[in-house]
Amino acid sequence: SKTYNRRVCERWMRDGVTILDPETTWIEDDVQIGRDATILPGSFLQGHTVVGEDAIVGPYTTLIDATVDEGAVVERSRVQESHIGARTNIGPWTYLRPGNEFGEDAKAGAFVEMKKAHIGNGTKVPHLSYVGDAQLGDHTNIGGGTITANYDGVHKNSTTIGSGCHVGAGNLFVAPVEVGDNVTTGAGSVVRHAVPSDTMVYSENTQHNVEGWKPAWER
């Protein structure tokens, strides 16, 4: 009930947790929260969620059986059965489906969806990407609009991208595929085959200009 939830919030506040608006915050019984964590309005902490010390959750965030380590930030996002490493930033508007594992000082930003992804220390997926069934090494940057094409209609296949990689915008990784360390990919690349370490890879698409073109409704 609302009254019981208010008591739960008050108990956590007595234990050193900052809850800005208990009226819009829901914390279930099995949740654990560290001291000096901050829970912002509109947040739902459910199941066996664990929030570490100095972490910030919210506003408008749902955590279901999630672990958020110390100093991490999860903003305006939905996280289910995933582990967020220390000082990692999630959000806004990030959707983490079950099975994600983040290292420390990593990032998943706006309009990023992930599932069963292992993200290394300092690795960033800043925006507009889908990363599924993938392993990303340390200190790799994923350009906006990148997709791991993991489903062939029958099986889910994995993508591996090593450490120190710079992935250009609009990349498509057709799984199963493995990319080594210190690889740079050009914008718009479609990566279908293994890429060795210390390599620059790009794929070219031929551009065709049709001059004098008119849309169908003007013909």
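All letters in the sequence shown, in the order written, are residues 3 to 221 by the working numbering. Each residue gets a CB set at the ideal place from its N, CA and C atoms; glycine is no exception.
The three-state reading of DSSP puts Ala108 in coil, since its state is none of H, G, I, E or B.
Residue Arg99 holds the alpha-carbon nearest to the alpha-carbon of Ser79 among Arg99, Gln209, Gly73, Asp154.
Lys216 sits exposed, since fewer than 16 C-beta atoms from the chains shown fall within 10 Å of its C-beta.
Rounded to the nearest angstrom, the Cβ distance from Ile41 to Ile21 is 5 Å, consistent with a contact under 8 Å. DSSP places Lys4 outside any beta strand (DSSP E); the residue lies instead in the alpha helix (DSSP H), whose first and last residues are 4-16. Of the other Cβ atoms in all chains shown, fewer than 16 fall within 10 Å of the Cβ of Met15; this residue is therefore exposed.
The C-alpha of Gly170 lies about 47 Å from the C-alpha of Arg8.
As far as DSSP is concerned, Trp215 takes part in no beta bridge. Collapsing the DSSP output to three states places Glu25 in a helix. A check of alpha carbon separations from Ala136 across His129, Ile144, Ile163 identifies Ile163 as the nearest.
Gly111 places its beta carbon 9 Å or farther from that of Thr125.
Relative to the Cα of Thr26, the nearest Cα in the group Gly36, Ala39, Ser3, Asp32 belongs to Ser3.
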